[in-house]
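In full-length UniProt numbering, the protein residues as written are 1 to 306.
Just so you know, even glycine gets a beta-carbon here, dropped at the ideal spot from N, CA and C.
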Amino acid sequence: MRASILVLGSINVDFFIRVDALPKPNETIMGHDTAVAMGGKGLNQAVAAAHAGVETRMVGAVGDDNFGVMARDFLKKRGVDETSVVALDGVGTGMANILVAPDGQNMIVVSSAANARLTPAHAEAAKALIAASGALVVQLETPLDTLKAALEIATANGVKTVLNPAPVDPGVFDLLPLCEVVTPNETELAKLTGIDGQDDDSLIRAMQTLRAHGAETVITTLGANGCAGLIDGELVRLPAFRVEAVDAVGAGDVFNGALAARLVLGDDYVSAMRYASAASAISVTRRSADAAPTASEVEAFLRERA
């Protein structure tokens, strides 16, 4: 397997407001410490993979605005090949408004904009790039028919496929037969399967539900309870690393990018999960979604926690 990753997915500009507590429905609150950063699940995962030491390319769409220029420059400076990111005329770059509480919990509203205009033709244009990659990583912030086109190309060429089914869309079940690895978090797993995996038995049943629909391997993040994988039909649990969280935005994306990177570098699933958990743990100790650690930082962290 070639040690390279192609991420096909979303690119957003993130507007952060820090709040003392997340608002309730119909409640108006005052915020502070506003900030603007680049984000989107696709962009975040591509940066995390690149920081993990893997050659990474991104296929995505931005608008014909200053934010689109900023996003492409952001990717390039972080080691991601952005030459396959297209700028679309007459449309804005995707946008996310993010509220962050002191404990790192968050609320996010996303406007897709250019991300919704990423078409199967864009996937087809990247056919040679997908076929030459070690893994294709996708999420659900771009149209499902585009994801299906990319996954079909990858599957036909023996490329490892990693799907992060977020945000949840029932149409994802049509994609599962094309997915070697599926990585929901605990909330997404429950929404997709109707099974609240609070114990081992229910967690296994929920994961087996995705496998029954075609997914080969299921790995789920469990927040403070770490992560778990249904690997070759067996449940594997890893505890979370204890850190002082200040911002959980993008932590799942760091996990996914790092996991895919380690898999194409030759790690087995358990080793890749441990590395990804460490990368995610480091990321929550940093403010903003641009928090993916480098490989040397993760390796030092794991040595300290050995």
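Taken through DSSP and simplified to helix, strand or coil, G63 comes out as strand. A Cβ-Cβ separation of about 4 Å places A295 in contact with G53 under the 8 Å criterion. At a Cβ-Cβ threshold of 7 Å, G94 and N115 count as neighbours.
For T221, the closest C-alpha among the options A156, A272 and T146 is that of A272. In this structure, D253 sits away from V100, with a CB-CB distance that is not shorter than 7 Å. A Cβ-Cβ contact shorter than 7 Å links A87 with G68. The three-state reading of DSSP puts T119 in coil, since its state is none of H, G, I, E or B. Under DSSP, L238 shares a beta bridge with C227. The region 83-142 contains, as complete alpha helix (DSSP H) runs of 4+ residues, the segments 120-125 and 127-131 (chain order). Between the C-alpha atoms of P239 and D200 there is a straight-line separation of about 14 Å.
Within its own chain, the residues whose Cβ lies closer than 6 Å to the Cβ of V159, once the five positions on either side in sequence are excluded, are S133 and L136, listed in chain order. Assignment of S271 by DSSP, reduced to helix, strand and coil, places it in the helix class.
Per DSSP, the continuous alpha helix (DSSP H) segment holding S296 begins and ends at A295 to E304. Using a Cβ distance threshold of 7 Å, T146 and L189 do not count as a contacting pair. Only residues of its own chain outside the window of five on either side were considered, and among them A131 have a CB closer than 6 Å to the CB of N157, listed in chain order.
In this structure, F173 sits near H213, with a CB-CB distance shorter than 7 Å. For P23, same chain residues with a beta-carbon under 6 Å away, outside a window of 5 residues either side, are I29 in chain order. The Cβ neighbour count for N164, taken over all protein chains shown within 10 Å, is at least 16; the residue is labelled buried. Taking a C-beta distance under 7 Å as the contact criterion, A96 and D14 qualify as a contact pair. For the set I17, M207 and R286, the Cα lying nearest the Cα of M107 is the one of I17. V80 is a Cβ neighbour of M58, given a cutoff of 7 Å. Of the candidates N185, P177 and K148, the residue whose Cα lies closest to the Cα of G223 is N185.
Within the DSSP secondary-structure output, H32 pairs in a beta bridge with R18. In the DSSP secondary-structure assignment, R262 is not bridged to any residue. With respect to G197, A48 sits apart: the two C-beta atoms are not nearer than 7 Å. N225 and E304 have their C-alpha atoms spaced approximately 20 Å apart.
In the three-state reduction of the DSSP assignment, D196 falls in the coil class. I219 is bridged by DSSP to G229. Take the alpha-carbon of C179 and the one of E216: they are about 7 Å apart. Look at V284 here: in three-state DSSP terms it is coil, with no helix or strand label. Secondary structure at I153: helix, using DSSP grouped into helix, strand and coil. CA-to-CA, the gap between L151 and F241 works out to about 33 Å.
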